[in-house]
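Positions 7 to 126 (our numbering) are the ones given, in order, by the sequence shown. Backbone N, C-alpha and C define an ideal beta-carbon position, used for all residues, glycine too. Remember, it's a predicted structure, so these values are computed and weren't measured experimentally.
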Amino acid sequence: MTSPRPPIAMMQGGFFKPEVTRILISCAAGLRIQFDQLGPKDEQSSDCGKLFPNWATDPDKVEVLSLREACNKIIHATDIRFDVVVPDAAINPDEEGAYYQPHLYLYGSKGATIGAPSCR
């Protein structure tokens, strides 16, 4: 028999993803505003993630994203998925001990489906 989860843990579980998504979008928008006001900088061209433009048909085609491009992808994403690890998932239906990896998978479209950039 498993013990009930504490109320604080239950609240964290219910609000974690929306809150992290809100903060992520807010930071991306703030960075874009700063980039627009200050002009090009070296940080904007750094490797900040990968875009798989045709994931379903050509998973080997990869484009490196700059910080500015990654911010654009975050702002315009239609779906943001977290990389969650559930220990012993096959025998752990309550997902006890689950934790989030520092990776996101963003989905959206640019005329056609653009795939899933993985910002790491």
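Query, Result
"Report yes or no: do three or more beta-carbon pairs, one from the segment 12-23 and one from the segment 66-83, lie closer than 8 Å?", "no"
"I'd like to know whether the C-beta atoms of Gln107 and Asp89 end up nearer to each other than 7 Å.", "yes"
"CB Leu112 to CB Cys77, shorter than 7 Å?", "no"
"For Gly55, which beta-bridge partners are listed by DSSP?", "Leu71"
"May I ask you to list the residues that DSSP assigns as paired with Ile97?", "Paired residues: none, contrary to the question."
"What does the Cβ neighbour count give for Gly103, buried or exposed, with the cut at 16 atoms within 10 Å?", "exposed"
"Would you decide whether Ala83 is buried or exposed? Buried here means 16 or more other CB atoms lie within 10 Å of its CB.", "buried"
"Please work out which residues of its chain come closer than 7 Å, Cβ to Cβ, to Glu101, disregarding the five sequence neighbours upstream and downstream, and give them in chain order.", "Val92"
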